[in-house]
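A.B. asks: Heads up: take any position in the sequence shown, counting from 1, add 6, and you land on this note's numbering.
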Amino acid sequence: MHSLLDARQQWTLAAGAILLEANGLDFNSGYDLDLLEGKREGVTEMFERGWNIRDHESFRQQMESFREGSGHHDKFDQRRALLSVMTHQEQDNYILSLEDEKERIQFQIIQFYDSRLSAATINAWDWGRAISITRMAMQIGYVDDETAWAFMYEMAQRIQQEYSSWTDFAIAYLIGRQYGYEELDEGEALEHFSLIEPLLERTDSPWNLVRWEEESVALPVNLGREG
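1. Excluding the 5 residues preceding and the 5 following residue 233 in the sequence, name in chain order all residues of the same chain whose CB lies nearer than 8 Å to its CB.
2. Taking only the alpha-carbon atoms, compute the straight-line gap between residue 106 and residue 189 and give it to the nearest angstrom.
3. Which residue comes first and which comes last in the alpha helix (DSSP H) that contains residue 161?
4. Using 10 angstroms around the beta-carbon of residue 226, count the other beta-carbons present and answer buried if the total reaches 16, otherwise exposed.
5. Could you check if residue 117 is buried or exposed, using at least 16 other CB atoms within 10 Å of its CB as the buried criterion?
6. Quick check on DSSP: helix, strand or coil for residue 16?
7. Assuming contact is defined by CB atoms lying nearer than 8 Å, are residue 82 and residue 139 in contact in what I supplied?
8. Taking DSSP as the reference, what is the three-state secondary structure of residue 209?
9. By the three-class DSSP mapping on this structure, what secondary structure does residue 48 have?
10. Just verifying my parser: in three-state terms, what is the DSSP assignment at residue 38?
11. Taking the alpha helix (DSSP H) that residue 119 belongs to, which residues open and close that run?
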């Protein structure tokens, strides 16, 4: 583990590990962009293309969007509540009646995974990504370190409070990712799973090095907004 990071920082970065490691970054370096040639430029391009983030202000707006819960989970929760009052046959009939294919797939994902998901639903997908992109944003100058760590600590607290383990968190993250990508195909599901399998199995994975129950994650956070 990175010797200059304290236990709270290590736990927080572990919660952002899925997307950070998918980008080829290493936990032992604190997910340092500069250890990979051209990575800083690649992240800058990815932010603009995938997130419409191109500067300090657009990143601040994205942080507030994550903080206020403006992610995929809102519609997921509404649709899950709708299906919950139906029998399984009624659910099937309703889903088949939907004309929009993407909407139909998203309802099928909710139906398929409902029993596997905790009450926190797919918040893990939004909160985990929030930590990931903030760690990268602070390294390319879109947010100062103090603001970034305070925001990441806030997301980390939410994650630890809502989930019971790294595995519980990972399952919710993957379901959220499939829902966001509108993919239910078995091959695509396996591709999503391949992102977390190393984190669950590698002995040097942050999830196997950092205890889920780390007490410092629950410490008060200074939530002062940047501005």
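Note that CB positions come from ideal geometry on N, CA and C, so glycine has one too. Values in this document were obtained by computation on a predicted structure and should not be read as measured data.
C.D. replies: Here's the rundown:
1. Reliability of the predicted coordinates at residue 233 is poor, the pLDDT of 46 falling under 50, and no value is obtained from them.
2. Their Cα atoms are separated by approximately 14 Å.
3. For residue 161, the enclosing alpha helix (DSSP H) begins and ends at 151–168.
4. With fewer than 16 other CB atoms across the displayed protein chains lying within 10 angstroms of its CB, residue 226 is exposed.
5. Burial state of residue 117 is buried, judged by a 10 Å Cβ sphere holding 16 or more other Cβ atoms.
6. Here residue 16 sits in helix by DSSP.
7. Taking 8 Å as the Cβ cut-off, residue 82 and residue 139 do not qualify as a contacting pair.
8. DSSP places residue 209 in coil when its eight states are reduced to three.
9. Three-state DSSP puts residue 48 in a helix.
10. DSSP places residue 38 outside both helix and strand once states are collapsed to three, so it counts as coil.
11. Bounds of the alpha helix (DSSP H) holding residue 119 are 107–119.
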